[in-house]
Amino acid sequence: MAGAEEPCSPEEARRTRVGGAPWRRRWHRSRRTRRGSLWIHIGRKPIGLKWVYKVKKNERGDVVKHKARLVAKGFVRREGIDFEEVFAPVARMDSVSLLAPATTRDRSVHHPDVKSAFLNGELTEVVHVRQPHGFIVAGEEGKVLRLGKALFMEDPRKDHMAAVKHLLRYIAGTCALGLAYPRRKKTSDLHLFGFSDSDMGGDIDGRKSTSGMVFFLETCPISWQSQKQKIVALSTCEAEYISGAAAACHGIWLRRLLEDITGQAVAAPILRIDNKSAIELAKNPVFHSRSKHIDIKFHFIRDCVERKQVVLEQVGTEQQLADVFTKPLGKNNFEKLKSQVGMVEIKQEHSH
């Protein structure tokens, strides 16, 4: 069914039951990739382009969006002619946050500056591609396109702009806030603990819940996350259980990374959850009546508890610091949690 609604070529897209109108709109929007490019004659074979189509559906199976991406056929590129290197270094933000142990122990840090190669990097090599199928200029069929940047799609709408403006207003009003990492004794042990929380069906469209987590190294936050869950939870217990499973996995990874960076043994991370039923579900393997429908992958947290890789603790709702990552809060509660997480006003030092 999906194959019939996702065409494999522009010809199939034009023959769809809606006359190809949604795909034509996507084609014209994708032509923005031609801006700043140059049409020239060349004496060597250019790289071909291909339209990739995707249909996005809601939970009822209704088509809500048509996507068309213009991609280059990278398998025909030749090393030394079309490119020089194939390695693009990337780093998770959590890895960067773990520089906190260096600051608290007064250690030196070497940081190379790596640009975002995929979206912002300018192409230094000369790369030529053929004219996109369906947009070949009449009378200039022998000309090709020279790329200025990597190919990627964009389609901002009014609701996207409103969300961006909302974020920018918040950033503009919080420029003086930051995280402080005070110096500690070099011989002090490393204590890793985190908070895990979830709302219940906060997404008004798909009724999915949002997981939130934050991990601290001693008293300093080093990793945090807010993410919509992949499935619809049937209860608050299930939503908290799913969030706890993701947090447990993340905590184990942070522990191993910390040990690799510092060379010290790190105790099992403590994970604080405010839902007693979720904690009992993770500790009691016979608790089947309310858990038999939960996907087996989320029972990873139960295995972690049995192996003592993670220690679960119950925390009161008012002390649940991950609550700020799951849903909008009132101003007073938001300001309180923001302070408890570790956000402080950073004094700017100006050199004269």
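The numbers in the sequence shown follow the working numbering, run straight up by one, and end at 487.
C-beta: ideal position from N, C-alpha, C; glycine also.
Computed from a prediction, not measured in an experiment: that's the story for all the values here.
So, helix, strand or coil for residue i, using DSSP?
| i | result |
| --- | --- |
| G386 | helix |
| C439 | helix |
| E448 | strand |
| L325 | coil |
| T354 | coil |
| W174 | Residue placement at W174 cannot be trusted, given a pLDDT of 46 that sits under 50; what the coordinates show is reported in the next sentence. If DSSP states are grouped into helix, strand and coil, W174 belongs with the strands. |
| R407 | strand |
| G341 | coil |
| Y376 | helix |
| E275 | coil |
| D332 | strand |
| V367 | coil |
| Q454 | helix |
| E480 | strand |
| V459 | helix |
| H434 | helix |
Between which residues of its own chain and residue i is the CB-CB distance below 7 angstroms, once the five residues before and five after are set aside?
| i | result |
| --- | --- |
| E480 | A311 and L312 |
| R373 | This sequence places Glu at residue 373; Arg is not what is there. Same-chain partners within the cutoff: I429. |
| R169 | Because the pLDDT of R169 is 45, which lies under 50, any placement of that residue in the model is unreliable, and the number read from its coordinates should be weighed accordingly. These residues qualify, in order along the chain: L280. |
| P267 | L184 and L205 |
| F433 | Y376, I377 and A380 |
| P317 | T239 |
| A383 | L406, F435, I436, C439 and V445 |
If you draw a straight line from the C-alpha of residue i to the C-alpha of residue j, how long is it?
| i | j | result |
| --- | --- | --- |
| L234 | L447 | 26 angstroms |
| R242 | L393 | 15 angstroms |
| T238 | L303 | 29 angstroms |
| K473 | F328 | 18 angstroms |
| I405 | R195 | 39 angstroms |
| D294 | I436 | 37 angstroms |
| V445 | R407 | 10 angstroms |
| A148 | F270 | 14 angstroms |
| D197 | I339 | 17 angstroms |
| L389 | G398 | 13 angstroms |
| H245 | K411 | 44 angstroms |
| I387 | D334 | 23 angstroms |
| A402 | P236 | 15 angstroms |
| K462 | L325 | 31 angstroms |
| A298 | R292 | 10 angstroms |
| V261 | A207 | 14 angstroms |
| H385 | K300 | 31 angstroms |
| S331 | R319 | 26 angstroms |
| K471 | M288 | 40 angstroms |
| A307 | I396 | 34 angstroms |
| S370 | T309 | 36 angstroms |
| I431 | A203 | 35 angstroms |
| G277 | R265 | 9 angstroms |
| M296 | G336 | 25 angstroms |
| A413 | A400 | 29 angstroms |
| W186 | K482 | 51 angstroms |
| H121 | R391 | Since the first and last residues shown for the chain are 136 and 487, residue 121 lies out of range. |
Ignore the nearest five residues each way along the sequence and tell me which others in residue i's own chain have a CB closer than 8 angstroms to its CB.
| i | result |
| --- | --- |
| E141 | Y188, K189 and V190 |
| G274 | none |
Quick one: what's got a C-beta closer than 6 angstroms to residue i's C-beta in the same chain, skipping five residues either side?
| i | result |
| --- | --- |
| V367 | R342 and K343 |
| D409 | V450, T452 and Q455 |
| G477 | L314 and P356 |
| Q364 | K343, S344, S346 and I377 |
| H263 | I177, P181, V279 and R281 |
| N193 | V199 |
| Q475 | L456 |
| S361 | G347 and F460 |
| W359 | V349 |
| D458 | D332 |
| G305 | The residue asked about is misnamed: residue 305 is Tyr in this sequence, not Gly. Once the five neighbours on either side are set aside, Y305 has no close Cβ partner at all. |
Return the first residue and the last residue of the beta strand (DSSP E) that residue i is part of.
| i | result |
| --- | --- |
| A297 | Counting along the chain, A297 falls outside any beta strand (DSSP E), though it belongs to the alpha helix (DSSP H) covering K293 to G308. |
| S474 | First-last for S474: K466 to V476, but that is the alpha helix (DSSP H), not the beta strand (DSSP E). |
| V198 | V198 to A207 |
| R281 | V279 to R281 |
| Y316 | Run containing Y316: none; DSSP gives neither H nor E here. |
| V187 | L184 to K192 |
Taking the alpha helix (DSSP H) that residue i falls in, what are its first and last residues?
| i | result |
| --- | --- |
| A237 | A235 to T239 |
| S412 | K411 to K418 |
So does residue i have its beta carbon nearer than 7 angstroms to some heavy atom of the ligand FAD?
| i | result |
| --- | --- |
| I366 | Among the components modelled here there is no ligand, and therefore nothing to report on the ligand FAD. |
Taking 8 angstroms as the CB-CB cut-off, is residue i touching chain C?
| i | result |
| --- | --- |
| E441 | Considering every chain present, this structure includes no chain C. It has just one protein chain. |
* To do: Determine contact between the region 411-419 and the region 428-447, defined as no fewer than three beta-carbon pairs at a distance below 8 angstroms.
  => yes
* Touch test, the region 465-472 against the region 353-364, Cβ-Cβ under 8 angstroms, three pairs minimum -> no
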